[in-house]
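Q:
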Amino acid sequence: MTRSAEPSVSVVIPVYNAAATLPELVERLAKVLPAVAGRFELVLVNDGSRDRSWDVISRLAQAHSWIHPVNLMRNYGQHNAVLCGIRTAQHAVIVTMDDDLQHPPEEIPRLLEQLTPRCDVVYGTPQQEQHGWWRNLASQATKLALQGALGSEHARSVSAFRAFRSQVRDAFANYQNPFVSIDVLLTWSTTRVAAVPVRHEPRPSGNSSYTVRKLATHALNMMTGFSTWPLQLASLVGFTFTVFGAGVLVYVVGRYLIEGGGIPGFPFLASVIAIFSGAQLFALGIIGEYLARMHVRMMERPTYVVRREQP
98 MTRSAEPSVS VVIPVYNAAA TLPELVERLA KVLPAVAGRF ELVLVNDGSR
148 DRSWDVISRL AQAHSWIHPV NLMRNYGQHN AVLCGIRTAQ HAVIVTMDDD
198 LQHPPEEIPR LLEQLTPRCD VVYGTPQQEQ HGWWRNLASQ ATKLALQGAL
248 GSEHARSVSA FRAFRSQVRD AFANYQNPFV SIDVLLTWST TRVAAVPVRH
298 EPRPSGNSSY TVRKLATHAL NMMTGFSTWP LQLASLVGFT FTVFGAGVLV
348 YVVGRYLIEG GGIPGFPFLA SVIAIFSGAQ LFALGIIGEY LARMHVRMME
398 RPTYVVRREQ P
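Here my numbering is used: the first residue of the sequence shown is 98, the next is one more, and so on.
1) Can you tell me whether DSSP reads R262 as helix, strand or coil?
2) Is it the case that the Cβ atoms of D300 and D197 are separated by a distance below 8 Å?
3) Which residues share a DSSP beta bridge with R136?
4) Using a Cβ-Cβ cutoff of less than 7 Å, which residues in the same chain neighbour R100 once the five nearest sequence positions on both sides are dropped?
5) Can you tell me which of the three DSSP states L212 falls into?
6) Can you tell me whether T193 is helix, strand or coil according to DSSP?
7) With a threshold of 6 Å on Cβ separation, who are the neighbours of H165 within its own chain once the five nearest residues in sequence on each side are excluded?
8) Assuming V268 contacts Q211 (C-beta within less than 8 Å), just tell me the rounded distance between them.
9) Give every residue of the same chain whose Cβ lies closer than 8 Å to the Cβ of E204, excluding the five residues on either side of it in the sequence, and list them in chain order.
10) How many Å lie between V192 and P104 at the Cα?
11) With contact counted as at least three CB pairs below 8 Å, one residue from each stretch, are the region 173-185 and the region 144-158 in contact?
12) Please confirm whether V218 and L283 have their CB atoms less than 8 Å apart.
13) What three-state label does DSSP hand N177 in the structure shown?
14) Specify the secondary structure class of T222 as computed by DSSP and reduced to three states.
15) What first and last residue would you give for the beta strand (DSSP E) that runs through L169?
16) Looking only at DSSP bridge pairs, what is I110 linked to?
17) Inspect the beta-carbon positions of A158 and Q407 and report whether they are closer than 8 Å.
18) Going by Cα to Cα distance, which pick from A389, Y272 and A380 is closest to P327?
19) Any idea what DSSP makes of E406, helix, strand or coil?
20) Under the rule that 16 or more other beta-carbon atoms within 10 Å means buried, what is P202, buried or exposed?
21) Going by CA-CA distance only, name the one from N168, P111 and V133 that's closest to L180.
22) Looking only at C-alpha atoms, which of R171, V123 and G182 sits nearest to P109?
Listed below in structure tokens is the structure:
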């Protein structure tokens, strides 16, 4: 690849309590980016960190002119912070990655190589997850939820380590909602998605802020915030039990007409009533989730608010 053919790259990293890992991360990026990009920048979005992350970011920005620091007012969540960084990025190709060194900067060239004219988004799929058993299980469940929301065969390959063309953000330029899923938003613009296996290294220190509970919440937000299939499932459940109830009614009336008397067994009738009540509450619960999200959207809560941004 000639120098003129090299892309301009913006690396976007959401930062949360990563004061210990940021210096090494920037040092490794400083070695990788000049070799793959004619122009490049690093957008560090401080997502309400409780440690000295912003002080470290400010110091690194003073030492490196290609670092663009952004400080959010509070913690809005990883995807919201990434969205802020994506909108701030100035170059043709955007790479997103985590701040904990689990995504090796040395793997960025592999993502860029796959970003051909026939591909708009490339995911770096971990060859082997470096999480605990419960975290891996929750992560797979989240990807299943994402697959339902996206309806894409690449949903099981998504990760926070991605590279995509900046043009795809035009599809969600006016998106304003506190519930954000970057992977869903990317599919609003393109279906040209690829995945490449990359190394996934263990965290050098600390624990992941993405707990099983947060992953489950994110999966619920994706299902009810970007898809209508839970409503369709509720309708299917209601229809199924309606047919079952009609069958029970036909059985009761038929037995009464043929043999006389009612169907014996109060427990059976009580069970049928309980099933119907449960189905109704299940459907109402799903409808309630959608109504809650409509309420949040009507409040027009911001996706994020920037406290300070340095050019």
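Note that beta-carbon positions come from the ideal geometry of N, C-alpha and C, so glycine has one too.
A: Working from what's here:
1) strand
2) The sequence given here places Arg at residue 300; Asp does not occur at that position. It is a contact, given that the beta carbons lie within the stated cut-off.
3) S105
4) With a pLDDT of 45 at R100, under the threshold of 50, the modelled position of that residue is not reliable, and no figure is offered here.
5) coil
6) strand
7) E138 and V140
8) The amino acid occupying residue 268 in the given sequence is Ala; Val does not appear at that position. Not really, about 21 Å apart at Cβ, beyond 8 Å.
9) G221, F258, V295 and R296
10) 12 Å
11) yes
12) yes
13) helix
14) strand
15) I164 to L169
16) L141
17) yes
18) A380
19) strand
20) buried
21) P111
22) Per the sequence shown, residue 109 should be read as Val rather than Pro. Closest by alpha carbon: G182.
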